[in-house]
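Here the UniProt record's numbering is used: the first residue of the sequence shown is 1, the next is one more, and so on. Glycine is no exception: its CB is placed at the ideal position from the N, C-alpha and C atoms.
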Amino acid sequence: MARRRTPSLTMMILLSMVIGVLIGNFFPAFSQSLKPLSTVFLRMIKSVIAPIIFGTLVIGIAGHGDDMKRVGRLAFKSIIYFEIVTTLALFIGLAAVNLTKPGVGVTLSGASATTGQQLGQTAKGLTPSTFLEHVVPTSVVEAMANNEVLQIVFWSILFAVGLSQVRGAPKAAVLGVLEGLTETMFKFTGYVMKYAPIGIGAAIAVTVGHSGLGVLKNLGVLILTLYGALVVFGLLVLLPVALIARVPLRRFLRAVKDPALIAFSTTSSEAALPRAMQAMEAIGVPRRIVAFVMPTGYSFNLDGTTLYLAVASIFAAQAAGVHLTLGHQLTMMLTLMLTSKGVAAVPRASLVILSGTLASFGLPLEAVALILGVDELMDMARTTVNLVGNCLATVVMARWENDFHPDAPPPDLTPEEVETIAGPPEPLHA
Numbered sequence: 001m002a003r004r005r006t007p008s009l010t011m012m013i014l015l016s017m018v019i020g021v022l023i024g025n026f027f028p029a030f031s032q033s034l035k036p037l038s039t040v041f042l043r044m045i046k047s048v049i050a051p052i053i054f055g056t057l058v059i060g061i062a063g064h065g066d067d068m069k070r071v072g073r074l075a076f077k078s079i080i081y082f083e084i085v086t087t088l089a090l091f092i093g094l095a096a097v098n099l100t101k102p103g104v105g106v107t108l109s110g111a112s113a114t115t116g117q118q119l120g121q122t123a124k125g126l127t128p129s130t131f132l133e134h135v136v137p138t139s140v141v142e143a144m145a146n147n148e149v150l151q152i153v154f155w156s157i158l159f160a161v162g163l164s165q166v167r168g169a170p171k172a173a174v175l176g177v178l179e180g181l182t183e184t185m186f187k188f189t190g191y192v193m194k195y196a197p198i199g200i201g202a203a204i205a206v207t208v209g210h211s212g213l214g215v216l217k218n219l220g221v222l223i224l225t226l227y228g229a230l231v232v233f234g235l236l237v238l239l240p241v242a243l244i245a246r247v248p249l250r251r252f253l254r255a256v257k258d259p260a261l262i263a264f265s266t267t268s269s270e271a272a273l274p275r276a277m278q279a280m281e282a283i284g285v286p287r288r289i290v291a292f293v294m295p296t297g298y299s300f301n302l303d304g305t306t307l308y309l310a311v312a313s314i315f316a317a318q319a320a321g322v323h324l325t326l327g328h329q330l331t332m333m334l335t336l337m338l339t340s341k342g343v344a345a346v347p348r349a350s351l352v353i354l355s356g357t358l359a360s361f362g363l364p365l366e367a368v369a370l371i372l373g374v375d376e377l378m379d380m381a382r383t384t385v386n387l388v389g390n391c392l393a394t395v396v397m398a399r400w401e402n403d404f405h406p407d408a409p410p411p412d413l414t415p416e417e418v419e420t421i422a423g424p425p426e427p428l429h430a
């Protein structure tokens with residue numbers, strides 16, 4: 001008798017999402033009691049982020065003979081790539097919102113101004129100088145406890161530089177501990193992922209039970225504009241980049257589908273980060289590149305969030321009946337491009353940045369509170385695109401560094417685990 005095949009993690013997550021929608025729609029009161037199940041999942045997965053980033057970055061820089069020139073070259077290439085791609089995202093969002101004009105005819109309520117003003121006050125403290133101060137942690141323990149990704153990256157790089165200057169047994173001992181820690185954390189992530197369908201199903205049930213399916217009708221044109229613009233961005237920017245970099249598309253998509261589902265259903269990039277890092281290693285991106293590009297991209301390469309900010313800011317102007325010339329819109333896009341970097345750790349970072357930008361251009365903050373009603377639905381899409389964009393960035397950087405090895409799986413993954421995550425190797429594009 002044929003052995004029954006175990007459903008894949010993707011199928012289990014999709015099924016749990018459907019069940020979550022049904023529970024949230026038909027039993028809204030009960031669905032709110034499921035929140036602890038989703039919170040437990042998010043807490044477990046977020047607890048892995050700091051040790052994985054610290055361990056992989058230090059090993060990548062200090063453990064494989066990387067000199068600072070090599071690290072600096074990777075950083076320079078990454079920043080160039082991030083800026084080009086996020087700028088294209090801004091312009092696609094700008095074109096989409098001017099085409100569909102979702103804010104025309106919207107009536108702003110004065111009663112909703114409080115939320116917008118509160119976010120605006122938070123945004124006033126976000127300046128280039130405060131950003132630079134925020135990069136440097138006063139305590140690495142505090143940075144790890146709060147999952148301040150950029151601070152962890154900064155401290156880990158300095159630690160790795162220091163360790164690279166150490167010789168002999170002390171260096172080998174530290175690297176041995178970190179290699180054991182990193183491998184253990186990836187195995188830990190595998191166990192947490194077995195719980196993912198329960199946590200994700202609960203998260204969807206809570207969201208639908210709280211907002212109701214009727215929220216899909218509210219500001220529907222704005223939501224469709226964002227989703228449509230994100231699809232266009234994927235087809236006109238991410239796909240050509242993948243083809244130019246000769247990314248094995250089928251294998252890449254298979255590797256990224258589970259992290260993308262986690263990002264979509266939890267609206268949390270952090271929740272998908274450990275699995276995404278493991279998936280990119282499984283398709284042949286060296287750990288040193290994954291460890292640097294992925295966490296850095298979460299501060300500087302938020303493609304989905306950048307595009308969303310372009311759509312939301314012009315929507316706010318349209319809702320307020322304010323006509324912005326092309327010059328004003330381009331100035332606003334430049335402001336968004338500069339202020340959206342490095343604030344991923346701020347709660348509701350995109351809304352905070354949006355509020356600060358609207359206030360600086362004299363636009364009413366009531367529009368932010370209006371967007372807040374459907375922000376979670378839009379957050380699902382932009383978080384997913386953020387994740388896919390950062391995964392693609394790791395492969396592009398590996399190609400740029402001539403260090404992409406699709407036939408060489410990482411040493412801490414068995415061939416069976418690699419095939420489960422990414423599927424069998426496929427012929428590379430010519």
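Self-check item: Contact check, S364 vs A320, beta carbons under 7 Å
Solution: The residue asked about is misnamed: residue 364 is Pro in this sequence, not Ser. Yes, they are a contact pair.
Quiz prompt | Three or more C-beta pairs below 8 Å linking the segment 190 to 200 and the segment 321 to 338 | solution = No: fewer than three Cβ pairs fall under 8 Å.
Self-check item: Sequence-distant residues of its chain with Cβ nearer than 6 Å to T383 (five each side left out)
Solution: So the list reads A263, T267, S269, once near-sequence residues are dropped.
Quiz item: What's the gap between the Cα of L253 and the Cα of Q278?
Solution: Per the coordinates, the alpha-carbon of L253 lies some 14 Å from the alpha-carbon of Q278.
Exercise. Tell me whether I157 sits in a helix, a strand or coil according to DSSP, three-state version.
Key: Residue state, collapsed to three classes: helix.
Quiz item: So what's V221 in DSSP terms, helix, strand or just coil?
Solution: Helix.
Quiz prompt | Beta-carbon spacing of A271, L42 below 7 Å | solution = Contact flag set, yes.
Exercise. Could you check what DSSP says for K187 in three-state terms: helix, strand or coil?
Key: DSSP places K187 in helix when its eight states are reduced to three.
Quiz item: Are there 16 or more other CB atoms within 10 angstroms of the CB of Q32, so buried, or fewer, so exposed?
Solution: Classification for Q32: exposed.
Exercise. Tell me, please, whether the segment 306 to 317 touches the segment 391 to 410 by the rule of three or more beta-carbon pairs shorter than 8 Å.
Key: Contact fails: fewer than three Cβ-Cβ distances are below 8 Å.
Quiz item: Ends of the alpha helix (DSSP H) at G60?
Solution: Secondary structure note for G60: its alpha helix (DSSP H) is the uninterrupted segment 35 to 62.
Practice problem: For S31, name the three-state secondary structure that DSSP assigns. | Solution: Reduced to three states, the DSSP call for S31 is helix.
Practice problem: Starting from the Cα of L336, find the closest Cα among R167, V395, L88 and give me that residue. | Solution: Minimum Cα distance to L336 is reached at L88.
Quiz item: With distances taken between CB atoms, is the gap from V192 to M44 smaller than 7 Å?
Solution: Against a cut-off of 7 Å, the Cβ pair of M44 and V192 comes out as a contact.
Exercise. Could you pull out every unbroken alpha helix (DSSP H) segment of at least 4 residues lying fully inside the segment 245 to 320, listed in chain order?
Key: If one requires a minimum length of 4 residues, the alpha helix (DSSP H) runs lying completely within the segment 245 to 320 are 249 to 266, 269 to 282, 287 to 300, 303 to 319, in chain order.
Practice problem: Thinking N390 and T305 are a contact (beta carbons under 8 Å), I'd like their distance in whole angstroms, please. | Solution: Between T305 and N390 the Cβ distance is about 11 Å, and since that is not below 8 Å, they are no contact.
Quiz item: What is the rounded straight-line gap between the Cα of K77 and the Cα of I23?
Solution: Approximately 47 Å between the Cα atoms of the pair.
Quiz item: Just how far apart, CA to CA, sit V21 and V174?
Solution: Taking C-alpha positions only, V21 is separated from V174 by approximately 47 Å.
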